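Under the working numbering, the first residue of the sequence shown carries the number 444, and numbering increases by one thereafter. We put the CB at the ideal spot given by N, CA and C, even for glycine. If you're wondering where the values come from, they're calculated on a predicted model, not measured in any experiment.
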Amino acid sequence: MNRNTKPKCRRVPMRTRAAFTLVELLVVIAIIGILVGLLLPAVQAAREAARRSQCTHNLMQLGLAVHHHEFNMERLPSGVINPDGPIRSEAVGQHVSWIVQVLPYLEERVAYGQFDLQAGAYAPVNLAVREHDISVLKCPSDPSAYSQRMSISTYAGCHHSEETPIEADNNGLLFLNSRIGFGDILDGSTYTILLGEKLIEGEDLGWVSGTRSTLRNTSELHAWSDELTAGASPEEEDPSALPASLRVGGFGSYHPGGANFTFADGSVRFLSRNVDPVTFGYYGNRADGQLLE
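Listed below in structure tokens is the structure:
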């Protein structure tokens, strides 16, 4: 072989880079969208489960506070302290709520010490306490709980089994100047509602006010999807209905399907929106003599 002969160069074939086509890209994006769509409801359900668990914990804490009050005072707190009735949902009167009375058992002794019971819920001297925010009083599922001018409670005591003004002769556990002991719960504490969730309708007077802001009845149970006539006057819809200031209203929540309740025995239960209305009414009466399951 001649040394001067140059070796021939071999051509190396060019390799083309693989890439997604437009159709393949659109398919991938569609698959990702479907997966995200399937995942979001699961995430929302998990978040709601956590919020509902926190709500259950709040009601358990409130129930314990009421029980501690009964242990120390030998009676449940009064639903509202006021010289006379019926109670109107207006910022006029003493209207000291049951929540104010159990503040020492909610680790809120400072707030209780600064509250003037005789001056009443709306007195200027009590404004600082009235604006005091207490996290255990708010259900995390209720968005309206954080948009009110005054610090409010999304939990209320049960004053009666039917829609009626808050008076001294109500058949619930917490009502006007009530002094109910466990011996007065003739139906049994397991079958009698003590506290429950409520929906904010219109302007709320705050957790210090012993009006419909902290008391409700078992006349109805609202679901989060119900259309509420917030701020509407009942007498415009039904001439025979109670005046707006005397209307109290039922329980309700933003939890899908029902609401949490604390019974007089301290247990917290979730009642379905589809609960029998008659049975639900019996739960609000401390001595109706009805046999319940």
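Put simply, the backbone Cα of L637 is about 11 Å away from that of Y598. If you draw a straight line from the Cα of L648 to the Cα of A566, it is about 13 Å long. H665 sits close to G693, with the two beta carbons spaced by under 8 Å.
The DSSP assignment places 636-640, 658-660 as complete runs of the beta strand (DSSP E) inside the segment 613-661, in order along the chain (cut-off: 3 residues). Assignment of C601 by DSSP, reduced to helix, strand and coil, places it in the strand class.
With a beta-carbon spacing of about 20 Å, C582 and G727 fall beyond the 8 Å limit used to define contacts.
At the C-beta level, F704 and G626 stay beyond 8 Å of one another. Judged by DSSP secondary structure, T722 falls within the alpha helix (DSSP H) whose first and last residues are 720-726. Residue range 570-573 is occupied by the alpha helix (DSSP H) that includes R573. Between the segment 652-661 and the segment 530-547, the count of Cβ pairs shorter than 8 Å is three or higher; the stretches touch. A check of alpha carbon separations from A684 across T607, R490, L468, I475 identifies T607 as the nearest. Here the alpha carbons of L560 and Q544 stand approximately 9 Å from one another.
For R552, the enclosing alpha helix (DSSP H) stretches over residues 552-557. In this structure, A564 lies away from S596, with their beta-carbon atoms at least 8 Å apart. In this structure, DSSP gives L465 a helical state, which the three-state scheme calls helix.
Looking from the CA of S578, the closest CA among A571, R659, L505 belongs to L505. In the three-state reduction of the DSSP assignment, L505 falls in the helix class, which pools H, G and I. Contact between the segment 469-477 and the segment 542-558 is absent: fewer than 3 CB-CB pairs across the two stretches fall below 8 Å.
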